[in-house]
């Protein structure tokens, strides 16, 4: 089944953020947070340029959305990210009470949603968003492959 047009548009915005990360020399991962059909937070990976190991795309987008909305609870928001979130980001998604998580490509090595620790399945996880993988998977995976191919 083809993705609804809105999913494609929001993932395209996340892919634009990933391209910003790539252009900055960072691993190309991007994220956007959507509320009522509008982007309220954007982020791209920037731990190297910001000297902040927590500056993953999801964290940057969550911080921006929380500031824009004036609340730490993003319970009516959806997050689109180009790569399956790591454990840190999955925890932040849970703490922020994100309603739905859409991600592009799976991360068998560092992912924590469908792979690894499967954070949202842990009994200590207090909020579990709806999770949908594979949105924009081909584009997200190719952006990452091209980035690492160029570095080798």
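Numbering (our numbering), first residue to last: 19 to 170. Where a beta carbon is used, it is the ideal one built from N, C-alpha and C, also for glycine. Only a predicted model underlies this, so the values are computations on that prediction, with no experimental measurement involved.
Pick from the options: whose alpha carbon is nearest that of residue i?
{"i": "residue 89", "options": "76, 74, 72 and 113", "result": "113"}
{"i": "residue 150", "options": "94, 102, 64 and 60", "result": "102"}
{"i": "residue 67", "options": "54, 125, 55 and 42", "result": "42"}
{"i": "residue 144", "options": "31, 54 and 117", "result": "117"}
{"i": "residue 54", "options": "48, 125, 138 and 97", "result": "97"}
{"i": "residue 29", "options": "140, 108, 120 and 124", "result": "120"}
{"i": "residue 122", "options": "86, 152 and 31", "result": "152"}
{"i": "residue 146", "options": "157, 108, 31 and 27", "result": "108"}
Rounded to whole angstroms, what's the CA-CA distance from residue i to residue j? Just pull it up for me.
{"i": "residue 46", "j": "residue 148", "result": "24 angstroms"}
{"i": "residue 154", "j": "residue 142", "result": "30 angstroms"}
{"i": "residue 104", "j": "residue 136", "result": "9 angstroms"}
{"i": "residue 93", "j": "residue 167", "result": "38 angstroms"}
{"i": "residue 25", "j": "residue 169", "result": "31 angstroms"}
{"i": "residue 69", "j": "residue 63", "result": "11 angstroms"}
{"i": "residue 106", "j": "residue 71", "result": "10 angstroms"}
{"i": "residue 87", "j": "residue 56", "result": "12 angstroms"}
{"i": "residue 159", "j": "residue 85", "result": "30 angstroms"}
{"i": "residue 31", "j": "residue 138", "result": "25 angstroms"}
Starting from the C-beta of residue i, find all residues in its chain whose C-beta is less than 8 angstroms away, skip the five residues before and the five after it, and write them out in chain order.
{"i": "residue 161", "result": "33, 36, 37, 40, 46 and 100"}
{"i": "residue 44", "result": "62, 63, 64, 65, 66 and 67"}
By Cβ distance below 7 angstroms, which residues in the same chain neighbour residue i in space, the five residues on each side in sequence not counted?
{"i": "residue 83", "result": "51, 58, 59, 92 and 95"}
{"i": "residue 133", "result": "102, 124, 125 and 126"}
Indicate the three-state DSSP secondary structure (helix, strand or coil) for residue i in the structure shown.
{"i": "residue 142", "result": "coil"}
{"i": "residue 101", "result": "strand"}
{"i": "residue 115", "result": "coil"}
{"i": "residue 49", "result": "strand"}
{"i": "residue 57", "result": "strand"}
{"i": "residue 177", "result": "One cannot answer for residue 177 here, as it falls past the ends of the chain, which runs 19 to 170."}
{"i": "residue 44", "result": "coil"}
{"i": "residue 90", "result": "coil"}
{"i": "residue 157", "result": "helix"}
{"i": "residue 67", "result": "helix"}
{"i": "residue 96", "result": "strand"}
Only counting the same chain, and skipping five residues up and downstream in sequence, which positions put a Cβ closer than 6 angstroms to that of residue i?
{"i": "residue 80", "result": "110 and 114"}
{"i": "residue 165", "result": "40 and 46"}
{"i": "residue 157", "result": "33"}
- prompt: Are three or more beta carbon pairs between the stretch 129-139 and the stretch 60-79 nearer than 8 angstroms?
  reply: no
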